[in-house]
Amino acid sequence: MIIATYDTSRRTGSPFLSQVTTPTMVRPTWLVIICTLIVSLSLLGQGHIAPFGNDYALASFQNIGVPVTNIYVDDAITAAKVYVEHTWGLSACDYQLQHYYRTPELELTSFYFVILHQGHTVANRFISLHVHDNHTIVAASITPVGQPLYPAPQAPVKTKCSPKRALRTVLAHFRNQGLDTMAQHTLPNQWVVIRNPEQPGVYEISPVSLASDGKVRAEEQYISDPQGHLHRVWALNFRRDPQWLTVYIDQTRMEVRAILDWMSAACYRVFPWPVGDPGSEKRSLECNPWANTLPNRPWHRINDTTFYDTQGNNVRSETIFQEANHHNRTVFRPMDGTALVFDFPFDPKQEPFTYVNASITNLFYHCNKMHDLFYIYGFNEEAGNFQMYNFGKGGREGDALIAYSQLHTEVNNAYFRTPPDGYSPTMWMFLWTYTTPARDGSLDGSAITHEYTHGLTARLTGGPLNTYCLILGESAGLGEGWSDWVAIILQVKPYHTRQVSFPMAPYLADKVDGLRKHRYSVQFDVNPTTYGWLNRRDYQEPHNMGEIWANVLYEVFWNLVDKHGFQHDWFSGNTTYGNILALQLVIDGLKLQPCFPDFLAARDAIILADQLRTSGVNRCIIWRAFSKRGLGTSANLTAGTHHEDFSFPADCSAK
């Protein structure tokens with residue numbers, strides 16, 4: 003909940019009174035696979051080398067515009083081959099024409115070549131040439147970047163790795179990743195391997211129930227690493243509807259080097275994470291925005307089923323249309339056929355119901371981003387996160403988040419209900435009527451982040467089966483504080499300094515200073531709150547208590563950033579940076595603190611988390627942040643009165 007009204011559902015512990023059942027999933031029609039565009043790459047384990055990706059982006063593109071040589075020959079294909087051999091010193095045995103076609107209106111023929119090594123294709127080395135009808139090269143490009151196009155000669159790799167053994171490695175990898183449903187298939191002794199007589203080094207393995215048509219195509223290839231070294235691999239291609247996968251198995255090390263997923267992209271027109279502020283940002287089309295390191299990508303898949311509306315393993319985002327008689331209710335989710343492109347119009351000058359598709363899409367996107375982010379910091383299956391399927395990684399499954407957009411039962415508010423692990427939490431997002439037309443809470447990233455963080459803190463404090471630990475008094479205030487704090491720190495940019503201040507949800511409040519009494523700031527003239535403010539009558543309400551705690555953590559955040567620097571990629575999980583470490587320590591602290599914590603217990607849990615994670619190297623700067631806001635070493639709660647203290651440990655005085 004994000005405004006200054008009390009969430010009675012959490013206060014009374016109603017998650018136990020309102021059991022949430024999971025929906026019956028219906029298998030949709032098969033996805034139309036677009037196999038001409040590789041759109042997704044999964045790096046699978048430390049040290050594995052990706053054949054495609056950002057390291058191999060187009061770098062040597064030449065938009066030439068005039069002839070680059072004085073070579074004029076009788077036909078375009080000869081011009082292309084002469085240019086390749088002349089420019090890069092290749093012989094006719096070092097490359098192969100893969101495809102070409104003509105664009106008449108441009109008077110242009112496009113040629114695409116692959117590089118060969120010892121007669122086998124190098125999977126991630128390409129040449130593209132575009133030849134004008136006057137036989138001049140008008141554009142050329144090579145991939146990968148920053149490497150010799152053709153490596154130094156290497157001795158042939160001696161290996162006994164057969165196509166069958168490579169396929170067994172694939173199954174073992176899926177099993178180790180917890181993808182048991184992809185690994186339980188026909189036994190290797192049932193497989194028949196047939197050599198393709200027309201294509202040396204190409205084989206077909208069947209019957210393999212891993213593949214939708216029972217067939218796996220195996221081809222000997224090479225992959226280049228970022229240093230230009232070649233590695234001999236088996237490239238195993240197979241359909242697993244709706245996917246089409248290529249798995250590269252290193253023939254020497256017998257491990258998965260990379261997996262390519264040829265399935266078409268899932269794209270969302272949204273206010274981009276992490277800020278997601280309609281008041282200051284424009285929407286953009288975000289494609290495949292999930293964290294590639296997680297087993298449950300993409301977001302629309304549950305086990306072996308892909309859904310083409312706004313539901314998946316982590317989140318089911320929808321709205322409820324209710325007729326005036328309050329009897330007929332219809333659940334609605336946007337659907338986009340088989341393309342998984344959720345690109346819907348949004349006009350803030352119109353009533354929110356006109357852009358409900360965009361609203362639900364935005365909510366689905368932001369909730370999934372928060373799932374992926376918190377997973378990296380330790381809110382995983384065992385810790386009680388929200389997933390329909392847990393990939394055999396522990397915890398109780400069947401509890402994807404149900405996120406409702408544009409509900410009309412209330413205004414100017416939002417709620418999050420967190421039952422124990424195994425039961426779906428629920429997020430309610432409402433309209434905000436401070437403007438005309440009303441504004442939609444499902445479009446504000448900070449509001450969504452605030453609500454989702456309630457689920458994190460409830461499942462981690464006291465364990466995932468005791469989600470009532472933050473529903474009363476000071477504990478409830480801490481819950482509101484953590485939710486604000488996460489929403490605020492995700493807005494920090496690399497160019498910001500500790501002098502920057504942030505309001506909470508100014509778009510929804512239609513106020514520059516947002517919903518709270520003060521902006522979040524390390525400066526006392528902007529935010530004067532301290533621990534002692536908990537004694538004030540106007541700070542007995544959980545959201546107001548939460549303002550105090552969130553600002554204390556904001557001090558901790560900036561002390562860590564000033565010492566360790568800022569990493570813009572929150573998904574890196576690299577705790578050598580201050581902002582990453584701050585979020586990690588707070589989440590670690592949630593796991594360490596007791597049920598029904600107060601401010602002092604939450605403080606001590608964060609300090610302990612730093613001791614456990616960094617051997618206490620940040621102990622003094624964390625203490626200084628707490629003591630600055632009255633949570634020093636002698637702060638205490640006695641007979642219901644909060645006694646603040648601004649001292650820190652004596653050994654920190656010179657640090």
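Heads up, the sequence shown is in the numbering used here, so the first residue is 3 and it goes up one at a time. Every residue, glycine too, gets a C-beta built ideally from N, C-alpha and C. These numbers were taken from a predicted model, which means no experiment stands behind them.
Quiz item: Does DSSP classify Val-172 as helix, strand or coil?
Solution: Helix at Val-172.
Quiz item: When you compare only the Cα positions, how much space is there between Asn-576 and Arg-318?
Solution: Their Cα atoms are separated by approximately 30 Å.
Exercise. Tell me where the alpha helix (DSSP H) around Glu-109 begins and ends.
Key: Premise fails: Glu-109 is in no alpha helix (DSSP H) and is neither H nor E.
Exercise. Report buried or exposed for Glu-549, applying the criterion of at least 16 other Cβ atoms within 10 angstroms of its Cβ.
Key: Around the beta-carbon of Glu-549, 16 or more other beta-carbon atoms lie within 10 Å, marking it buried.
Practice problem: Taking 8 Å as the cut-off, decide whether the C-beta atoms of Met-431 and Ser-444 are in contact. | Solution: With respect to Ser-444, Met-431 sits close: the two C-beta atoms are nearer than 8 Å.
Quiz item: Does the Cβ of Phe-418 have 16 or more other Cβ atoms within 10 Å, making it buried, or fewer, making it exposed?
Solution: Phe-418 is classed as buried because its beta carbon has at least 16 other beta carbons within 10 Å across all chains shown.
Quiz item: What do you get for Asp-540, buried or exposed, if any count of 16 or more other CB atoms within 10 angstroms of its CB means buried?
Solution: Asp-540 should be labelled exposed.
Exercise. Would you mind reading off the limits of the beta strand (DSSP E) that contains Glu-557?
Key: In the DSSP annotation of this structure, Glu-557 is not part of any beta strand (DSSP E); the continuous alpha helix (DSSP H) holding it starts and ends at 544–566.
Exercise. Please state whether DSSP places Gly-483 in a helix, a strand or coil.
Key: If DSSP states are grouped into helix, strand and coil, Gly-483 belongs with the helices.
Quiz prompt | Top-ranked residue by Cα proximity to Ile-404, from Ala-174, Phe-273, Glu-320 | solution = When Ala-174, Phe-273, Glu-320 are compared, the shortest CA-CA separation from Ile-404 is found for Glu-320.
Practice problem: Can you give me the Cβ contacts of Phe-381 inside the same chain, cut-off strictly under 6 Å, excluding the 5 residues immediately before and after it? | Solution: Counting only Cβ-Cβ distances below 6 Å, and skipping sequence neighbours, we find Asn-387, Leu-458.
Practice problem: Could you tell me the boundaries of the alpha helix (DSSP H) in which Val-86 lies? | Solution: Counting along the chain, the alpha helix (DSSP H) containing Val-86 begins and ends at 78–90.
Practice problem: Take the Cβ of Thr-183 as the centre, count every other Cβ of all protein chains shown within 10 Å, and call the residue buried at 16 or more, exposed below. | Solution: Residue placement at Thr-183 cannot be trusted, given a pLDDT of 48 that sits under 50; what the coordinates show is reported in the next sentence. By the neighbour-count rule (16 or more Cβ atoms within 10 Å), Thr-183 is not buried but exposed.
Exercise. Measure the alpha-carbon distance for Ser-93 versus Tyr-250 and round it to whole angstroms.
Key: Roughly 27 Å separates the two Cα atoms.
Self-check item: contact_flag[the segment 588–605, the segment 465–477] where n(CB pairs < 8 Å) is 3 or more
Solution: Flag = yes, the segment 588–605 and the segment 465–477 touch.
Quiz prompt | Backbone CA spacing between Arg-241 and Ala-478 [nearest angstrom] | solution = When only Cα atoms are considered, Arg-241 and Ala-478 end up about 50 Å apart.
Self-check item: Pairwise C-alpha distance: Pro-508 and Ser-523
Solution: About 15 Å.
Quiz item: With 16 as the cutoff for other CB atoms within 10 Å, does Gly-632 come out buried or exposed?
Solution: Residue environment for Gly-632: buried (at least 16 other C-beta atoms within 10 angstroms of its C-beta).
Quiz item: Does the distance from the C-beta atom of Leu-592 to that of Thr-463 stay below 8 Å?
Solution: Yes, the Cβ-Cβ distance between Leu-592 and Thr-463 is below 8 Å.
Self-check item: Straight-line gap, Asn-537 to Val-558 (C-alpha atoms, nearest Å)
Solution: When rounded, the distance between both Cα atoms is 23 Å.
Quiz item: Mind checking Phe-526: buried by the 16 CB within 10 Å criterion, or exposed?
Solution: Taking every protein chain shown into account, the CB of Phe-526 has fewer than 16 other CB atoms within 10 angstroms, so this residue is exposed.
Quiz item: Does the segment 129–148 come close enough to the segment 104–119 that 3 or more CB-CB pairs lie under 8 Å?
Solution: Under the three-pair Cβ rule at 8 Å, the segment 104–119 counts as touching the segment 129–148.
Self-check item: Phe-346 vs Tyr-357 beta-carbon contact at 8 Å
Solution: In contact: Phe-346 and Tyr-357 (Cβ atoms closer than 8 Å).
Quiz item: Is the beta carbon of Thr-363 sitting closer than 8 Å to the one on Tyr-270?
Solution: A contact, by the Cβ cut-off of 8 Å.
Quiz item: Can you tell me whether DSSP reads Thr-643 as helix, strand or coil?
Solution: Three-state DSSP puts Thr-643 in a strand.
Quiz item: Where does Thr-71 sit, in a helix, a strand or coil, going by DSSP?
Solution: Its pLDDT being 44, under 50, Thr-71 is placed unreliably by the model, and the measurement read from it follows with that caveat. DSSP, read as helix, strand or coil, puts Thr-71 in coil.
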